[in-house]
Structure formats: structure tokens, C-alpha cells
Amino acid sequence: MSTGEGPEHPAWVIRPFCMSDYPAVLRLWQTAGEGVSVRPSDRPEEIAKKCARDADLFLVAESQGALVGVIMGAWDGRRGWLHHLAVEASYRRRGVARALICQVEERLRAKGCLKINLLVGKANQHARALYRQLGYDEMTDYVPMGKEL
Ligand SMILES: CC(C)(COP(=O)(O)OP(=O)(O)OC[C@H]1O[C@@H](n2cnc3c(N)ncnc32)[C@H](O)[C@@H]1OP(=O)(O)O)[C@@H](O)C(=O)NCCC(=O)NCCS
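In my numbering, the protein residues as written are -15 to 133.
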């Protein structure tokens, strides 16, 4: 799968998530700052449900045996979704997020997906810059809505 290598940094590789990655992935989310909120849907039993549905869209970046990036893609049959993108601080600005997003996009395209949506915090200028750079438009005509079940 995709790899990246910088002059001062070890190579990384992108591969699908597996449940044994859960503790490391949770740590990445918990240390990502305000960009990622860890919620009840991130408990192991909920993650297992997600994996039973479309594990091939849940990807991690690994370098020297450590997880340095994660993205949870999803496909609901109409739209693709991106959730919980996070890159370990010392690996940022090396193209890890770009590679994770592009890999999910490729997989969604192969499933017949025509459009990808995601939510970014208004104050998260880094993520907004990243997604704009990759061709995502801010949908200012909509208000995000949700309901806890
Ligand atoms: C946002 C985040 C995922 C970016 O990861 P990353 O691996 O550093 O991003 P990339 O190196 O792939 O960046 C690709 C492009 O996005 C833009 N970008 C990324 N980080 C940026 C930043 N801090 N400031 C401005 N632009 C940025 C740049 O255009 C960059 O290209 P360049 O480095 O050639 O200029 C990372 O900062 C992170 O984990 N943040 C905390 C969690 C978070 O906010 N997640 C997003 C939830 S919606």
C-alpha cells in the first residue's frame, strides 16, 4: 500500500485497521487535541460493529511498529464519510493525512461513491486547510444536525 519517507524520518506504510490496533488508535485520538472528540461510538464494541460493516475503509499509517496516523472512512450506500483523522504530532506535515485521505477516496470511488462528506470543527484551521487543499468545499448552506439514540 502507500508509503512515505522523508530524509530525517523513517518510512511509513498505510494498511487497514485491525482490532489489535485499538489501544494505539485510541491513544492517537485522545492526544489529537480538539480535532477529535472520543465518544461512546469509539468504544471497542462499537468499533467492532463498524469493522464488521466496512473494515476496508478504516486505515492506519504505521512506522517502525508504531501507529502514526488513522482515518475512519465509511460508506452508507449513498455518501462516503470521513471520521477521526489524526496524525501523531512528530509525523505531521509529511503527507500522512493526505495519503490516508487519498487511499479512502480511492476505495470509496471503487464502491461507486459519488460524494464524500465530513465534519470539521469551525476553529480547526489546520484540518480546514488540509481538506481545502485536497478539493473539499465548505458547505456553508447547511447546519450540521445530529441525535443521540
Ligand atoms: C490535521 C492533521 C490530520 C494533518 O495531518 P498531516 O499529516 O500533518 O497533514 P499533511 O502533511 O498530509 O498535509 C497535507 C496538506 O494539508 C495542509 N495542512 C496540513 N496541516 C496544516 C497546518 N497545520 N497548517 C496549514 N496547512 C496544513 C497543507 O496544505 C499540507 O500540504 P503541505 O504540507 O505540502 O503544505 C493533523 O494536524 C492532526 O492530526 N491534527 C489533529 C487532529 C485533527 O484536527 N484531525 C482532523 C479532524 S477533522
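C-beta atoms are modelled at their ideal positions from N, C-alpha and C, and glycine is treated no differently.
1. Taking 8 Å as the cut-off, is the beta-carbon of Leu103 closer than that to any non-hydrogen atom of ligand 1?
2. Tell me the residue span of the beta strand (DSSP E) that contains Leu41.
3. Label Gly119 either buried or exposed according to how many other C-beta atoms from any shown protein chain fall within 10 Å of its C-beta, with 16 as the threshold for buried.
4. Between which two residues does the alpha helix (DSSP H) carrying Leu103 extend?
5. With 16 other CB atoms within 10 Å as the buried threshold, where does Leu98 fall?
6. Any chance the region 27 to 38 sits against the region 71 to 87, with 3 or more Cβ pairs inside 8 Å?
Reading from the atomic positions:
1. True, at least one ligand heavy atom lies under 8 Å from that Cβ.
2. Leu41 -> no beta strand (DSSP E), and no H or E assigned at all.
3. With fewer than 16 other Cβ atoms inside 10 Å of its own Cβ, Gly119 counts as exposed.
4. Segment: none, Leu103 is in no alpha helix (DSSP H) and carries neither H nor E.
5. With fewer than 16 Cβ atoms within 10 Å of its Cβ, Leu98 is classed as exposed.
6. Taking 8 Å as the limit for Cβ pairs, the verdict is that the region 71 to 87 does not touch the region 27 to 38.
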